[in-house]
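In our numbering, the protein residues as written are 18 to 104.
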């Protein structure tokens, strides 16, 4: 199974998050028969959007760290990592 692109995942999660916030706002401001359903669906979409956005950001950050490690972009202080001279 191929991994979904991180940009696509970020855009979809932002869209779901925005839709969830909109439904939460509509559910709070209206006193119609579907206000409670709107609140429930809005809360579910908001939490789903937040979770997927967190996953996408975490994926981007871990990918950058992996690339930095693979290309040797990190520096290791040799003096700090070597044992003391037995003093």
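Every residue, glycine too, gets a C-beta built ideally from N, C-alpha and C.
Sub-7 Å separation of residue 30 and residue 43 beta-carbons: Start at 1 with the first residue of the chain shown, and residue 30 comes out as number 13. Start at 1 with the first residue of the chain shown, and residue 43 comes out as number 26. It is not a contact, given that the beta carbons lie outside the stated cut-off.
Taking only three categories from DSSP, how would you classify residue 89? Looking up residue 89 in the chain shown gives position 72. Per DSSP, reduced to three states, the secondary structure at residue 89 is coil, with no helix or strand assignment.
Residue 36 and residue 70 closer than 7 Å at C-beta: Mapped onto the chain shown, residue 36 falls at position 19. Mapped onto the chain shown, residue 70 falls at position 53. Not closer than 7 Å, so no.
Tell me whether residue 27 sits in a helix, a strand or coil according to DSSP, three-state version. Locating residue 27 in the chain shown gives position 10, where the first residue counts as 1. Of the three classes helix, strand and coil, the one that applies to residue 27 here is helix, per DSSP.
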